[in-house]
Amino acid sequence: MSVFQKFFSKLTVENIKIELMRTAYGNEPTPLAKLDPRMLILWVLIYSIIPWLTHNQTILIGLTLFTAVLAYMSRVSPLLIFLLIVGVISQFTYLVFAAMFLGNSFTVLIAVIPVTMKVATVSLATMAVFTSMDPEKFSDALLKLGVPGKFSFGVSYGYRMLPILIEEYQNIIHSFRLRGKLPAKPGFLYSRYVFYYIKMCIMAFYPMMLNTAKRTRTTVEVLEVRGFSYTLENNIAKDIKLNYLKMTKYDYYFIGISTLITALIYIVGYQFPL
Amino acid sequence: MSINKERKLTQSQKMMVFVLSMSLFGLSKMITELLPSNEVGPIEFSISYFAFIPLILAALFHPLYVAVGASVGNIVFAGLLMGDFGGIGEIEGFIEFTLAIYVAGLLVRNPLSKVQLAIASLVGVGIDQLLSTIVDIGKVWFGVEGFDAVPGLPESIVVLEGVSFLNEMVITGVLVGLIPTLILTPKLYGKIEPLLGMRPRDAKVETSIGSYITPGLIATIVILTFVGMIAEFIAEMDMNLAFWSADFINQFADDQKWIGYSAWVILAAGAIFIIYKLVRKKGSGTADLDQAA
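Have a look at this one:
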């Protein structure tokens with residue numbers, strides 16, 4: 246319990262904001278940061294498919310460990326790891342619980358373990374890659390791969406604007422709390438407090454929507470002055486923007502090493518299946 | 015009167031509506047991810063998303079751009095930024111949610127009518143939750159090895175998904191969907207549109223619902239739902255994804271073969287579409303050159 250209390254004392258909005266900004270901008274010299282973003286996207290896609298192709302538990306353990314090591318090397322933030330663990334656990338506990346309750350057996354628990362490992366592998370691979378990738382590079386890579394320009398714009402806009410949006414939302418919440426009044430009695434199971442906070446979270450979106458609308462108009466008008474929509478459709482402009490993306494020797498090393506490790510995991514898995 | 019005529023947007027206004035919906039819904043999704051959830055036994059009482067944001071925007075602006083924007087926001091903010099990206103499975107959520115919000119937006123003909131807003135919010139959240147409940151049940155049905163052999167699992171999954179559907183409808187649909195939509199839409203109507211440089215929708219437009227629900231729309235809905243379901247099944251099933259190998263169909267049990275066949279059909283349709291696009295793109299590419307020259 247004390248571990249949880251310690252964790253939740255750190256879980257303030259301020260800390261979350263810092264962690265998210267670190268995910269978005271903290272481009273530390275991690276091993277994955279130097280790689281070509283297109284290659285990394287492809288790598289994540291492959292790694293989010295291969296765990297689903299096998300029932301062999303040794304291979305699954307190997308893949309989970311490999312992605313966990315990569316996530317550790319990319320210095321994924323503890324907040325994201327915590328959210329991942331909570332997510333994975335809560336996704337399957339209810340199923341196990343219910344089947345034990347209704348069917349009185351533990352077989353479900355064993356049936357569910359491989360699925361849990363598969364989900365964990367995919368999430369760890371995603372986190373490792375997106376912590377180390379610069380948002381600008383990521384959206385350029387998407388554009389180069391032929392993703393609609395609006396989506397890749399959305400990605401880089403999201404990364405850049407998110408800290409500002411969170412701060413603004415937090416300020417609105419603060420002013421609501423300053424002017425508002427907490428219910429005198431907590432009510433049954435703190436229900437009055439819960440409703441008070443939920444109502445505040447919802448009502449805070451009213452000024453938020455208006456402010457964001459104003460900001461959106463400014464952003465889009467500035468973009469259009471620079472010919473944004475036209476640039477996205479013009480192939481020559483796109484080529485000039487994107488020609489810095491190149492595969493280097495380092496990329497080929499990475500492909501080689503991760504193929505080798507994956508092959509090794511598969512060989513060990515077929516030799517000693519669990 | 016067609017929807018494109020009634021809620022016409024210019025190029026940059028489309029972008030504004032898209033960005034607005036994306037950032038607001040992405041932010042709200044992030045907040046709901048961080049809110050604590052109360053679990054009573056296996057049933058979870060939590061807000062899965064603030065449904066009122068896309069609902070209000072879809073009632074006030076062109077629903078298509080709002081719906082696509084909200085789905086993109088969901089993937090970018092809650093998926094990529096939080097490290098919770100589901101791969102192929104995200105396609106299912108994207109299609110379901112876009113569809114739900116688009117249909118909800120079409121149902122609102124007069125943004126000041128409470129009845130229409132209420133129907134739209136319930137139908138919107140209902141479509142999304144119903145589709146995801148069906149897919150969830152199917153996922154465990156096909157996904158867990160020896161599903162029928164495990165005692166109690168088939169009954170429990172159906173009961174649990176049913177309860178969680180009702181629970182979602184009450185919390186996400188009514189508490190953070192219907193009620194805030196009814197309160198906030200009249201407040202925002204006429205205020206938020208000038209900020210984006212456009213005129214508010216004409217509240218007195220009386221068009222029949224039949225003019226929106228065209229056969230084309232219904233066909234698209236059915237096809238998209240089906241594509242989403244197949245994508246989710248394929249993503250969740252423990253199976254070989256080698257579509258081209260002869261074993262691909264054989265790994266399904268006899269009564270599941272349709273999943274394999276439809277994956278083939280979707281793949282083929284996608285390939286044809288991409289080839290068609292590429293051929294056309296080549297044509298437009300030379301046009302670009304000509305223009306630049």
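Chains A and B are the protein sequences, given in the same order.
Residues in the first sequence are numbered consecutively from 246, following my numbering.
Residues in the second sequence are numbered consecutively from 15, following my numbering.
Backbone N, C-alpha and C fix where the C-beta goes; we use that ideal spot for every residue, glycine too.
All values reported here derive from a predicted model rather than from experimental measurement.
Range of the contiguous alpha helix (DSSP H) that encloses H419/A: 394-424
- prompt: Can you tell me whether DSSP reads F59/B as helix, strand or coil?
  reply: strand
- prompt: Do the segment 498-518 of chain A and the segment 26-46 of chain B touch if we need at least three Cβ pairs shorter than 8 Å?
  reply: no
message: Just to confirm my understanding: we take L198/B, look at its own chain, exclude 5 residues before and 5 after, and list those with CB closer than 7 Å. What are they?
response: F66, I70
message: Going by C-alpha to C-alpha distance, which of L136/B, V129/B, V173/B, N88/B sits closest to F396/A?
response: N88/B
query: Which residues in the same chain as G403/A place their Cβ atom closer than 7 Å to its Cβ, once the five residues preceding and following it in sequence are excluded?
result: none
- prompt: So, helix, strand or coil for D385/A, using DSSP?
  reply: helix
query: Is D142/B buried or exposed, if buried means 16 or more other CB atoms sit within 10 Å of its CB?
result: buried
field: L38/B classed as buried or exposed, judged by whether at least 16 other C-beta atoms fall within 10 angstroms
entry: buried
task: Quick one: residues in its chain with C-beta nearer than 6 Å to the C-beta of A114/B, no 5 flanking neighbours on either side, listed in chain order?
output: G138, I141, D142
- prompt: Rounded to a whole number of angstroms, what is the C-alpha to C-alpha distance between S135/B and V392/A?
  reply: 31 Å
message: Distance check for G211/B and V188/B, CA to CA, integer angstroms please.
response: 32 Å
- request: Could you check if L106/B is buried or exposed, using at least 16 other CB atoms within 10 Å of its CB as the buried criterion?
  value: Just to set this straight, residue 106/B is Glu in the shown sequence, not Leu. Buried, because 16 or more other Cβ atoms sit within 10 Å of the Cβ of E106/B.
query: Are the segment 360-367 of chain A and the segment 418-433 of chain A touching by the rule of at least three beta carbon pairs closer than 8 Å?
result: no
task: Specify, as a first and last residue, the run of the alpha helix (DSSP H) that D379/A falls within.
output: Premise fails: D379/A is in no alpha helix (DSSP H) and is neither H nor E.
message: Quick check: the Cα distance between Y414/A and S436/A, rounded to an integer number of angstroms?
response: 24 Å
query: Helix or strand or just coil, what does DSSP make of P200/B?
result: helix
query: Which chain A residues are close to M183/B, counting only those with a beta carbon under 9 Å from its beta carbon?
result: Chain A residues near M183/B: none, gap ~17 Å exceeds 9 Å.
query: How many Å lie between L202/B and K491/A at the Cα?
result: 48 Å
message: Under 8 Å, Cβ to Cβ, is there at least one residue of chain B near M362/A?
response: no
- prompt: When you compare only the Cα positions, how much space is there between M44/B and I61/B?
  reply: 12 Å
message: Going by beta-carbon coordinates alone, are S474/A and Q25/B separated by less than 8 Å?
response: yes
message: So G425/A and M445/A are supposed to be a Cβ contact under 8 Å. How far apart are they, rounded?
response: 7 Å
message: So L131/B and A73/B are supposed to be a Cβ contact under 8 Å. How far apart are they, rounded?
response: 6 Å
task: Indicate whether at least one CB of chain B lies closer than 8 Å to the CB of S474/A.
output: yes
query: Within the 8 Å Cβ cut-off, does L410/A reach chain B?
result: yes
- request: Using three-state DSSP, classify D216/B as helix, strand or coil.
  value: coil
message: Using beta carbons (cut-off 8 Å, strictly below), is R462/A in contact with chain B?
response: yes
task: Within its chain, find whatever has a CB closer than 7 Å to the CB of I133/B; leave out the 5 residues flanking it on each side and keep chain order.
output: L121
- prompt: When you check each C-beta in the segment 394-409 of chain A against every C-beta of chain B, which residues fall closer than 9 Å?
  reply: K395, F396, F398, G399, V400, Y402, G403, Y404, M406, L407
task: Assign G284/B to buried or exposed, taking buried as 16 or more other Cβ atoms, counted over all protein chains shown, within 10 Å of its Cβ.
output: exposed
field: Pairwise C-alpha distance: S322/A and A365/A
entry: 16 Å
- prompt: What are the start and end residues of the alpha helix (DSSP H) that includes F517/A?
  reply: No alpha helix (DSSP H) contains F517/A, which DSSP labels as neither H nor E.
field: Helix, strand or coil at K486/A according to DSSP, with G and I counted as helix
entry: helix
query: In this structure, does DSSP put M266/A in helix, strand or coil?
result: helix
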